[in-house]
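Protein chains: 2
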Amino acid sequence: MVKNKASAESFVPAPKTAAGKKMALKKTASKNTFKTRYHHGDLRAALLEAAEAELAGKGIEAFSLRGVAKRAGVSHAAPAHHFGDVNGLFTALAATGYRRFIAVQRTRQKRAAQKGGKDGAAQLAAVGLGYVDFAMANPALFRLMFSSKRPDFCDGELEETARAAFEKLLEDVGRYRNANPCDDEAVMASAMATWAMVHGLADLLEGGRIKYLQNLPRKKREQMLSDMILRAAGPG
Amino acid sequence: MVKNKASAESFVPAPKTAAGKKMALKKTASKNTFKTRYHHGDLRAALLEAAEAELAGKGIEAFSLRGVAKRAGVSHAAPAHHFGDVNGLFTALAATGYRRFIAVQRTRQKRAAQKGGKDGAAQLAAVGLGYVDFAMANPALFRLMFSSKRPDFCDGELEETARAAFEKLLEDVGRYRNANPCDDEAVMASAMATWAMVHGLADLLEGGRIKYLQNLPRKKREQMLSDMILRAAGPG
DNA sequence: AAGCAAACTTGACAGTGACAAGATTCTGAT
DNA sequence: ATCAGAATCTTGTCACTGTCAAGTTTGCTT
Chain P
5 MVKNKASAES FVPAPKTAAG KKMALKKTAS KNTFKTRYHH GDLRAALLEA AEAELAGKGI
65 EAFSLRGVAK RAGVSHAAPA HHFGDVNGLF TALAATGYRR FIAVQRTRQK RAAQKGGKDG
125 AAQLAAVGLG YVDFAMANPA LFRLMFSSKR PDFCDGELEE TARAAFEKLL EDVGRYRNAN
185 PCDDEAVMAS AMATWAMVHG LADLLEGGRI KYLQNLPRKK REQMLSDMIL RAAGPG
Chain B
5 MVKNKASAES FVPAPKTAAG KKMALKKTAS KNTFKTRYHH GDLRAALLEA AEAELAGKGI
65 EAFSLRGVAK RAGVSHAAPA HHFGDVNGLF TALAATGYRR FIAVQRTRQK RAAQKGGKDG
125 AAQLAAVGLG YVDFAMANPA LFRLMFSSKR PDFCDGELEE TARAAFEKLL EDVGRYRNAN
185 PCDDEAVMAS AMATWAMVHG LADLLEGGRI KYLQNLPRKK REQMLSDMIL RAAGPG
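Sequence order for the protein chains is P and B. Residues in the first sequence are numbered from 5 upward in steps of one, following the working numbering. Residues in the second sequence are numbered from 5 upward in steps of one, following the working numbering.
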């Protein structure tokens with residue numbers, strides 16, 4: 005019983021993976037009548053999309069496999085066939101989440117680089133604010149990626165995407181500090197501090213716990229968050 | 005078939021709430037024979053204790069009202085009578101969590117004050133490490149208190165204890181910075197930054213996301229965490 | 001002593017994840 | 001071309017869940 009692990013990536017700019025190509029192939033090869041395709045076409049991708057809607061709509065705790073199946077218009081046991089169990093689906097969801105996260109961060113960073121020139125501080129702050137914004141925009145997915153114990157981080161796909169996000173963090177802080185975190189313990193500590201700071205801000209803000217910051221006007225809040233992030237980053 | 009499981013709030017120094025007093029009153033008024041008390045004695049307290057065990061054992065997601073009832077040796081619908089629904093129980097649990105949290109923090113702080121003299125930095129770092137340790141020791145409860153949306157923070161008891169914890173944070177940072185956060189915006193920002201930093205560290209460490217820090221030897225890790233916390237606290 | 005309110009139990013219902021077994025459709029070797 | 005075999009999806013079932021309604025027990029008040 006070999007599961008094919010094609011995957012959707014409807015959020016990522018361009019599908020580059022082998023799986024992505026394979027899917028595109030399949031799609032074009034099938035008849036474009038939308039009615040009654042053979043089995044379903046690429047149910048896996050449809051389920052992932054439905055699952056993301058379910059996650060966004062009902063949150064991580066009220067999330068239901070059967071709800072996902074209903075959204076995708078298939079039988080209640082169909083998801084299990086593709087993802088094993090609910091944690092398997094969460095694992096796949098988290099992986100797509102990391103891909104989206106990285107993509108969003110990249111665009112943020114580029115935009116900041118264009119505006120602020122080569123000001124490393126502005127870039128790092130922009131990336132940090134991006135982390136917070138991502139959490140606010142995708143609360144359940146954010147928790148799945150950065151807090152929950154349900155996704156299986158031993159899974160190859162998830163492990164890879166999560167590591168890519170982490171390495172991007174090291175890059176960003178390394179650029180700001182003009183040093184490679186892997187070579188300099190102090191810089192590595194700065195990277196950890198930066199992550200902890202943005203993550204703490206994101207989690208507390210999204211959870212509605214830190215009302216003082218919530219109630220600040222947008223501009224003021226962004227200014228204050230940026231200050232905190234840069235204070236964490238460095239160079240102590 | 006009535007099991008008595010009296011004993012409430014074993015973690016909190018002294019029960020001060022109206023509910024606490026009422027409970028204590030009931031207790032002394034009843035016969036001290038442990039056999040078959042009228043209805044159960046103080047089921048509410050027993051349920052809270054059972055719920056805490058359930059939470060610690062099964063986590064916030066696999067938490068089950070019926071499991072709590074089973075632990076307490078009562079019928080499956082008994083908890084609902086005292087707490088309404090599962091969120092009501094979570095609300096009560098979070099409130100006891102905050103009480104314990106504050107108590108632990110106080111002892112940590114006192115111990116640091118005794119050892120390190122009047123070194124404010126050592127005290128603040130100790131409190132911060134206490135936050136992290138609390139999260140590691142009570143992961144599900146920690147998430148209930150600081151991340152989850154299920155407890156009802158409009159509830160009087162929870163609102164009160166949560167606010168007390170927050171005000172303690174302001175006190176601690178205020179003492180370190182020799183200023184009242186409410187009077188000085190920069191100091192308030194420092195308090196927020198400190199909270200975000202310790203919370204981020206706690207959440208990432210507990211979630212197993214920040215392996216670099218996890219793998220550090222204990223002494224080294226504590227040193228590094230302390231540095232991060234103090235860096236966040238200012239005085240930038 | 002009687003009645004009333006609170007505490008707890010019992011029973012039922014719709015919803016859940018997981019599993020097994022069946023039905024359908026695709027694939028590839030001949 | 002055909003036909004086994006495999007992959008995909010459906011149907012049915014099970015134990016479990018939270019919540020509600022109704023019933024029973026118990027303590028309290030007058």
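Cβ coordinates follow ideal geometry from the N, Cα and C atoms, glycine included.
Residue from H85/B, D89/B, A55/B and G92/B whose Cα sits closest to the Cα of A76/B: Locating residue 76/B in the second sequence gives position 72, counting from the first residue. Per the Cα distances, A55/B.
Inter-residue spacing [alpha-carbon to alpha-carbon] between I106/B and G178/P: In the second sequence, residue 106/B corresponds to position 102, counting from 1. In the first sequence, residue 178/P corresponds to position 174, counting from 1. When rounded, the distance between both Cα atoms is 37 Å.
Three-way DSSP call (helix, strand, coil) for D231/B in this model: Against the second sequence, residue 231/B aligns to sequence position 227. Correct three-state label for D231/B: helix.
The region 219–239 of chain B / the region 117–136 of chain B touching (three or more Cβ pairs under 8 Å): yes
H80/P vs R48/P beta-carbon contact at 8 Å: Walking along the first sequence from the start, residue 80/P turns up at place 76. Walking along the first sequence from the start, residue 48/P turns up at place 44. Contact: no.
Per-residue DSSP class, three states only, for I64/P: Numbered from its first residue, the first sequence carries residue 64/P at position 60. I64/P falls in the helix class under three-state DSSP.
Contained alpha helix (DSSP H) runs [length at least 4] in the region 101–188 of chain P, N- to C-terminal order: 124–141, 143–150 and 160–181
Cross-chain neighbours of K153/B in chain P, by beta carbon under 8 Å: By 1-based counting over the second sequence, the position of residue 153/B is 149. Per Cβ cutoff of 8 Å: G63, G211 and G212.
Alpha carbon of R222/B to alpha carbon of V78/B, nearest angstrom: Along the second sequence, one-based indexing puts residue 222/B at 218. Along the second sequence, one-based indexing puts residue 78/B at 74. Looking at the two C-alpha atoms, the distance is approximately 43 Å.
Straight-line gap, G120/P to R112/P (C-alpha atoms, nearest Å): Counted from its first residue, the first sequence places residue 120/P at position 116. Counted from its first residue, the first sequence places residue 112/P at position 108. Distance between the alpha carbons of G120/P and R112/P is about 12 Å.
Assigned exposure category for G238/P - 16 Cβ within 10 Å defines buried: For the purposes of this step, residue 238/P is taken as the residue at position 234 of the first sequence. Buried, since its Cβ has 16 or more Cβ neighbours within 10 Å.
Three-state secondary structure assigned by DSSP to N219/B: As a first step, residue 219/B is located in the second sequence; it is residue number 215 there, counting from the start. DSSP places N219/B in coil when its eight states are reduced to three.
Closer than 8 Å to chain B by CB, E226/P: Locating residue 226/P in the first sequence gives position 222, counting from the first residue. So, not an interface residue.
Cβ-based burial, M140/P [other Cβ within 10 Å; buried from 16]: As a first step, residue 140/P is located in the first sequence; it is residue number 136 there, counting from the start. Exposed is the call here.
Nearest-angstrom Cα separation, counted from E226/P out to A206/P: The sequence position of residue 206/P within the first sequence is 202, counting from 1. The sequence position of residue 226/P within the first sequence is 222, counting from 1. Straight-line measurement puts the Cα of E226/P at about 12 Å from the Cα of A206/P.
Under 8 Å by beta carbon: chain P residues contacting F94/B: To locate residue 94/B, count along the second sequence from 1; it is residue 90. By Cβ distance, chain P contributes nothing, its closest Cβ being about 11 Å from F94/B, past 8 Å.
Endpoints, alpha helix (DSSP H) assigned at A73/P: Start at 1 with the first residue of the first sequence, and residue 73/P comes out as number 69. Taken as a continuous stretch (DSSP letters only), the alpha helix (DSSP H) holding A73/P covers L69 to A76.
Buried versus exposed call for R70/B [16 or more other C-beta atoms within 10 Å across all chains shown]: Sequence index remark: in the second sequence, residue 70/B carries index 66 (1-based). Under this definition R70/B is an exposed residue.
G204/P at chain B interface by Cβ criterion, 8 Å: Along the first sequence, read from residue 1 onward, the residue named residue 204/P stands at position 200. Yes, G204/P counts as interfacial toward chain B.
Length of the line joining the Cα atoms of D123/P and D176/P: Stepping through the first sequence from its first residue, residue 123/P is reached at position 119. Stepping through the first sequence from its first residue, residue 176/P is reached at position 172. Distance between the alpha carbons of D123/P and D176/P is about 12 Å.
Anticipated Cβ contact below 8 Å, R213/P with F150/B, distance rounded: To locate residue 213/P, count along the first sequence from 1; it is residue 209. To locate residue 150/B, count along the second sequence from 1; it is residue 146. Yes, R213/P and F150/B are in contact; Cβ-Cβ is about 6 Å, under 8 Å.
Chain-ordered chain B contacts of A236/P [CB-CB under 8 Å]: As a position in the first sequence, residue 236/P is number 232, starting the count at 1. Simply A197, M201, M232, R235 and A236.
Straight-line Cα distance separating L128/P from V191/P: Translated into positions along the first sequence, residue 191/P becomes position 187. Translated into positions along the first sequence, residue 128/P becomes position 124. Between the alpha carbons of V191/P and L128/P lies a distance of about 14 Å.
Cutoff 7 Å; reference P17/P; Cβ partners in own chain excluding five residues on either side: Working through the first sequence from its first residue, we reach residue 17/P at position 13. Low confidence applies here, because P17/P scores a pLDDT of 30, under 50, leaving its location unreliable; read the following figure in that light. Excluding sequence neighbours, P17/P sits near A107.
Same chain, Cβ closer than 6 Å to A144/P, neighbours up to 5 away in sequence not counted: Position 140 of the first sequence holds residue 144/P. Around A144/P: L59, G63 and I64.
Where E189/P falls, given that 16 or more other Cβ within 10 Å makes a residue buried: Counted from its first residue, the first sequence places residue 189/P at position 185. Exposed.
As assigned by DSSP and simplified to three states, the class of A54/B: Indexing the second sequence from 1 puts residue 54/B at position 50. DSSP places A54/B in helix when its eight states are reduced to three.
Whole-number beta carbon distance between G204/P and M201/B, since they are thought to touch under 8 Å: Start at 1 with the first residue of the second sequence, and residue 201/B comes out as number 197. Start at 1 with the first residue of the first sequence, and residue 204/P comes out as number 200. Contact flag correct, Cβ pair sits at about 6 Å.
Simplified DSSP assignment, three categories, for G88/P: For the purposes of this step, residue 88/P is taken as the residue at position 84 of the first sequence. In this structure, G88/P counts as coil in the three-state DSSP scheme.
Contact with chain B by L208/P, beta-carbon distance below 8 Å: One-based indexing of the first sequence puts residue 208/P at position 204. Chain B contact via Cβ: present.
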